[in-house]
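If you read the sequence shown in the numbering used here, its first letter stands for residue 17, the second for the next number, and so on. For reference, the structure is listed below as structure tokens.
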Amino acid sequence: MIKKILSILEKDHKKTMLEQLSHYTHFQMLIATLLSSRTKDSTTIPIVKKIFTKYPGPDDLIKIDLKELESLLFSIGFYKVKAKNLKKLSRIIIERYNRKVPETFEELTSLPGVGRKTANCILAYTFNKPAIAVDTHVHRISNRLEWVKTKYPEETEEALKKIIPKRLWIDVNRLFVNHGQTTCLPVNPKCKICPVLKYCRFGLSRKDL
Ligand code: SF4
Numbered sequence: 017m018i019k020k021i022l023s024i025l026e027k028d029h030k031k032t033m034l035e036q037l038s039h040y041t042h043f044q045m046l047i048a049t050l051l052s053s054r055t056k057d058s059t060t061i062p063i064v065k066k067i068f069t070k071y072p073g074p075d076d077l078i079k080i081d082l083k084e085l086e087s088l089l090f091s092i093g094f095y096k097v098k099a100k101n102l103k104k105l106s107r108i109i110i111e112r113y114n115r116k117v118p119e120t121f122e123e124l125t126s127l128p129g130v131g132r133k134t135a136n137c138i139l140a141y142t143f144n145k146p147a148i149a150v151d152t153h154v155h156r157i158s159n160r161l162e163w164v165k166t167k168y169p170e171e172t173e174e175a176l177k178k179i180i181p182k183r184l185w186i187d188v189n190r191l192f193v194n195h196g197q198t199t200c201l202p203v204n205p206k207c208k209i210c211p212v213l214k215y216c217r218f219g220l221s222r223k224d225l
């Protein structure tokens with residue numbers, strides 16, 4: 017069933033923000049992922065494009081004045097905290113990792129501002145390693161489809177890892193993020209036109225359909 021649903025979603029799939037930016041360097045993907053947290057893709061994409069044109073790598077970001085960075089990030093959620101983290105993280109990447117983004121979950125989550133979701137996104141999208149990044153879409157849709165019965169994203173990640181074959185982990189975030197942005201919306205999901213309606217008890221039980 018899981019494989020079937022993912023393959024149906026694959027047919028309708030439109031690239032997520034991180035797929036659209038996949039030609040970026042590992043460092044730029046890390047920064048883009050970090051900035052995208054709690055911010056709309058339509059806000060994040062033009063800002064990261066602008067920043068990387070002028071400041072493409074960690075050596076450039078450590079030189080930029082904090083106030084200037086804050087003004088570049090102004091429309092991004094928590095821009096002041098993120099600006100500080102970007103500068104700290106750039107220095108660590110230079111000094112501790114010889115300008116390379118680390119490839120393990122532990123190393124990634126030790127970087128300023130990098131939590132579970134960001135680290136798992138980097139593992140999956142940048143390094144093509146098995147990881148399930150649970151954001152609000154993945155958490156909501158997994159519960160609506162009754163793949164899991166969880167309250168918090170961390171529980172969802174653990175529960176999904178137990179039921180999804182490892183080779184499919186990498187697909188969950190990109191397919192559910194797109195499905196959650198277009199069809200399985202947080203409020204008033206478009207169940208009527210959902211391609212996986214027949215596998216979803218939540219959708220089938222809606223009386224208003
Ligand atoms: S049927 Fe509705 S609730 Fe179920 S996955 Fe589709 S859009 Fe989401």
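Just so you know, even glycine gets a beta-carbon here, dropped at the ideal spot from N, CA and C. All of these numbers come straight from a predicted model, not from anything done at the bench.
> Considering only residues of the region 49-74, which uninterrupted beta strand (DSSP E) runs meet the minimum length of 3 residues and lie entirely inside it, listed in chain order?
Replying inline: none
> Looking only at C-alpha atoms, which of 202, 72, 102 sits nearest to residue 85?
Replying inline: Position 69 of the sequence shown, counting from 1, holds the residue named residue 85. It is 102.
> Where in the region 74-145 do unbroken runs of the beta strand (DSSP E), each at least 3 residues long, occur, reported from the N-terminal end onward?
Replying inline: none
> Looking at the unbroken alpha helix (DSSP H) that takes in residue 151, where does it start and where does it end?
Replying inline: Counting from one through the sequence shown, the residue named residue 151 turns up at place 135. Element bounds for residue 151: n/a, residue is neither H nor E.
> Can residue 202 be considered in contact with ligand 1, in the sense that its beta carbon sits closer than 8 Å to one or more heavy atoms?
Replying inline: The sequence position of residue 202 within the sequence shown is 186, counting from 1. No, Cβ of residue 202 sits at least 8 Å from all heavy atoms of ligand 1.
> Comparing alpha-carbon positions, which option in 42, 130, 52, 72 lies nearest residue 144?
Replying inline: Here residue 144 refers to the residue found at position 128 when the sequence shown is read from its first residue. Per the Cα distances, 42.
> Considering only residues of the same chain and omitting the five flanking positions on each side of residue 190, which have a CB-CB separation below 7 Å?
Replying inline: Within the sequence shown, the letter at position 174 stands for residue 190. Same-chain partners within the cutoff: 32, 35.
> So what does DSSP say about residue 26, is it helix, strand or coil?
Replying inline: For the purposes of this step, residue 26 is identified with residue 10 of the sequence shown, where counting begins at 1. The answer is helix: DSSP assigns residue 26 an H, G or I state.
> Should residue 168 and residue 155 be called a contact, given that it needs their Cβ atoms to be closer than 9 Å?
Replying inline: By 1-based counting over the sequence shown, the position of residue 168 is 152. By 1-based counting over the sequence shown, the position of residue 155 is 139. In this structure, residue 155 lies closer than 9 Å to residue 168 by Cβ.
> Which one of 125, 122, 207 has the shortest CA to CA distance from residue 161?
Replying inline: In the sequence shown, the residue the question calls residue 161 occupies position 145. For residue 161, the nearest C-alpha among the options comes from 207.
> Of all the options 150, 183, 55, which has the alpha carbon lying nearest to the alpha carbon of residue 95?
Replying inline: Along the sequence shown, one-based indexing puts residue 95 at 79. Minimum Cα distance to residue 95 is reached at 55.
> Which stretch, first to last residue, makes up the alpha helix (DSSP H) that contains residue 172?
Replying inline: For the purposes of this step, residue 172 is taken as residue 156 along the sequence shown, with counting starting at 1. Where residue 172 is concerned, the enclosing alpha helix (DSSP H) stretches over 169-179.
>> Measuring straight from C-alpha to C-alpha, what distance separates residue 39 and residue 63?
In response: As a working note, residue 39 is residue 23 in the sequence shown. As a working note, residue 63 is residue 47 in the sequence shown. Going from the Cα of residue 39 to the Cα of residue 63 covers about 16 Å.
> Shorter than 9 Å from the beta carbon of residue 76 to some beta carbon of chain C?
Replying inline: The chain inventory of the structure shown lacks chain C, comprising one protein chain alone.
> Do residue 180 and residue 193 have their CB atoms nearer than 9 Å?
Replying inline: What you label residue 180 is simply residue 164 of the sequence shown in a count that begins at 1. What you label residue 193 is simply residue 177 of the sequence shown in a count that begins at 1. Against a cut-off of 9 Å, the Cβ pair of residue 193 and residue 180 comes out as no contact.
>> Going by DSSP, what residue range makes up the alpha helix (DSSP H) through residue 204?
In response: Within the sequence shown, the letter at position 188 stands for residue 204. Element bounds for residue 204: n/a, residue is neither H nor E.
> For residue 92 versus residue 83, is the C-beta spacing smaller than 9 Å?
Replying inline: The sequence position of residue 92 within the sequence shown is 76, counting from 1. The sequence position of residue 83 within the sequence shown is 67, counting from 1. No. Outside cutoff.
>> In this structure, how does DSSP classify residue 226 when only helix, strand and coil are distinguished?
In response: The structure shown does not extend to residue 226, since the chain is modelled only from 17 through 225, so no value can be given for it.
> Apart from the five residues just before and just after residue 177, which ones in its own chain have a Cβ nearer than 8 Å to its Cβ?
Replying inline: Along the sequence shown, read from residue 1 onward, the residue named residue 177 stands at position 161. Here the set comprises 148, 185.
> How big is the Cα-Cα spacing for residue 79 and residue 146?
Replying inline: Walking along the sequence shown from the start, residue 79 turns up at place 63. Walking along the sequence shown from the start, residue 146 turns up at place 130. About 35 Å.
>> By the three-class DSSP mapping on this structure, what secondary structure does residue 45 have?
In response: Counting from one through the sequence shown, the residue named residue 45 turns up at place 29. It is helical.
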